[in-house]
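Protein chains in written order, with our numbering: chain A, 122 to 230; chain B, -10 to 102.
What follows is a short report on a single structure.
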Amino acid sequence: AQRVTQPEKLLSVFKGAPVELKCNYSYSGSPELFWYVQYSRQRLQLLLRHISRESIKGFTADLNKGETSFHLKKPFAQEEDSAMYYCALASGSARQLTFGSGTQLTVLP
Amino acid sequence: EAGVAQSPRYKIIEKRQSVAFWCNPISGHATLYWYQQILGQGPKLLIQFQNNGVVDDSQLPKDRFSAERLKGVDSTLKIQPAKLEDSAVYLCASSPRAQETQYFGPGTRLLVL
Chain A
122 AQRVTQPEKL LSVFKGAPVE LKCNYSYSGS PELFWYVQYS RQRLQLLLRH ISRESIKGFT
182 ADLNKGETSF HLKKPFAQEE DSAMYYCALA SGSARQLTFG SGTQLTVLP
Chain B
-10 EAGVAQSPRY KIIEKRQSVA FWCNPISGHA TLYWYQQILG QGPKLLIQFQ NNGVVDDSQL
50 PKDRFSAERL KGVDSTLKIQ PAKLEDSAVY LCASSPRAQE TQYFGPGTRL LVL
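In C-alpha cells:
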C-alpha cells in the first residue's frame, strides 16, 4: 500500500533563511507527487506537481526515486510562506491522492 | 469562476444522530471527491465519483457512511449513526477529469459529542 510521511509537524525559520520541508513516500508503482498548501483561513490548494518541474512562488521540489523523497525547498523564505504544507501521492487507475500528515511552516520576522 | 461550495460550514451533533453534508462542485467538473480530515492528519479519500458513478469507495465506512451524486453535479455525504471518532473536517473537491488538478471546498467541520 502507498504511504506518505512528513516527519516534521512544525517547522520554524527566519525570514530570508532557506527552508526545506521533507516528504518521503512508499509506493510500488510509478510515483506522481504533489505539494498542496493551506494558508490561514483559506482552502487547500495545489502548490506544485513533480511532473511540471516548475517553480511556484519560489518553491521547487525534486523527485528522488532512489531515496523515495520529494522534499520542498525555497532558498529565501518569506513571511507569507507561513502555512500548512501537505505532500501527496497519486496512485491507482484513477490517480487517487494519499496525503501526508502535513508540516506547519512558520516564517519568523 | 465560482469555487467548490459546501454546506453547512459547521455542525455539532450528539453520537448516534444522523448528519448530511452537501457539495456543489465547479461547473463542468466531472470528478468529485469527499475527504475526511481528522485533526492533526492529512485528508483521507472517502469516495470518488466520475459523473454519477462511483470510481473508488474503498475507504468509506459503508456501515454508517453513504454518498450519492444522482445527477452528476451536486453530492451529499451522510453519516448515520455518527460516532465520536467521526469528528473531523469533511472536504469536497472536484476536478475536470480524474487525473487533473483537484480544487477543494472550504470544508464542513463536524463535532460529535
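The C-beta atom is built at its ideal place from N, Cα and C for all residues, glycine as well.
Computed from a prediction, not measured in an experiment: that's the story for all the values here.
- Beta-bridge annotation (DSSP): D45 (chain B) is paired with B:Q37.
- Within chain B, G29, Q30, G31 have C-beta atoms less than 8 angstroms from the C-beta of S222 (chain A), given in sequence order.
- Contact between the region -3 to 4 of chain B and the region 140 to 151 of chain A is not established, with fewer than three Cβ pairs separated by less than 8 angstroms.
- In chain order, H192, K194 place their CB closer than 6 angstroms to the CB of E141 (chain A), counting only its own chain and leaving out the 5 sequence neighbours on each side.
- R216 (chain A) belongs to the set of residues whose beta carbon lies under 7 angstroms from a beta carbon in chain B.
- Neighbours of Y148 (chain A) in chain B, taken as residues whose beta carbon is under 8 angstroms from its own, are absent, since the nearest beta carbon is some 15 angstroms off.
- Under the Cβ criterion (8 angstroms, minimum of three pairs), the region 163 to 183 of chain A does not count as touching the region 12 to 23 of chain B.
- Taking 8 angstroms as the cut-off between beta carbons, the residues of the region 28 to 58 of chain B near chain A are G29, Q30, G31, P32, K33, L34, Q37, Q39, V44, D45, in sequence order.
- Distances from the CA of I172 (chain A) to each of A:E188, A:G179, A:Q159, A:F155 were compared; the closest alpha carbon is that of A:F155.
- For the pair L131 (chain A) and Y206 (chain A), the Cα-to-Cα distance works out to about 10 angstroms.
- Judged by their CB atoms, Q26 (chain B) and L102 (chain B) are not nearer to each other than the 7 angstroms cut-off.
- Residues of the region 66 to 86 of chain B whose Cβ lies closer than 9 angstroms to any Cβ of chain A, in chain order: L80, A82.
- When DSSP states are grouped into helix, strand and coil, I27 (chain B) belongs to the coil group.
- Around the C-beta of Q127 (chain A), 16 or more other C-beta atoms lie within 10 Å, and the residue is accordingly described as buried.
- If you check each beta-carbon in the region 170 to 182 of chain A against every beta-carbon of chain B, none falls closer than 7 angstroms.
- Under the criterion of beta carbons closer than 8 angstroms, R53 (chain B) and N41 (chain B) do not qualify as touching, at roughly 22 angstroms.
- If you draw a straight line from the Cα of D45 (chain B) to the Cα of A87 (chain B), it is about 11 angstroms long.
- Within its own chain, the residues whose Cβ lies closer than 7 angstroms to the Cβ of A77 (chain B), once the five positions on either side in sequence are excluded, are Q25, Q26, I27, L99, listed in chain order.
- E57 (chain B): member of the beta strand (DSSP E) spanning 54 to 57, first to last residue.
- Comparing C-alpha distances from T227 (chain A) to each of A:P152, A:Q199, A:G221 shows the shortest one belongs to A:Q199.
- Approximately 5 angstroms separates the beta-carbon atoms of G31 (chain B) and G223 (chain A); this is inside 8 angstroms, confirming the contact.
- Judged by their CB atoms, Q123 (chain A) and S212 (chain A) are nearer to each other than the 7 angstroms cut-off.
- Between the alpha carbons of G179 (chain A) and Y160 (chain A) lies a gap of roughly 16 angstroms.
- The DSSP-derived three-state label of L131 (chain A) is strand.
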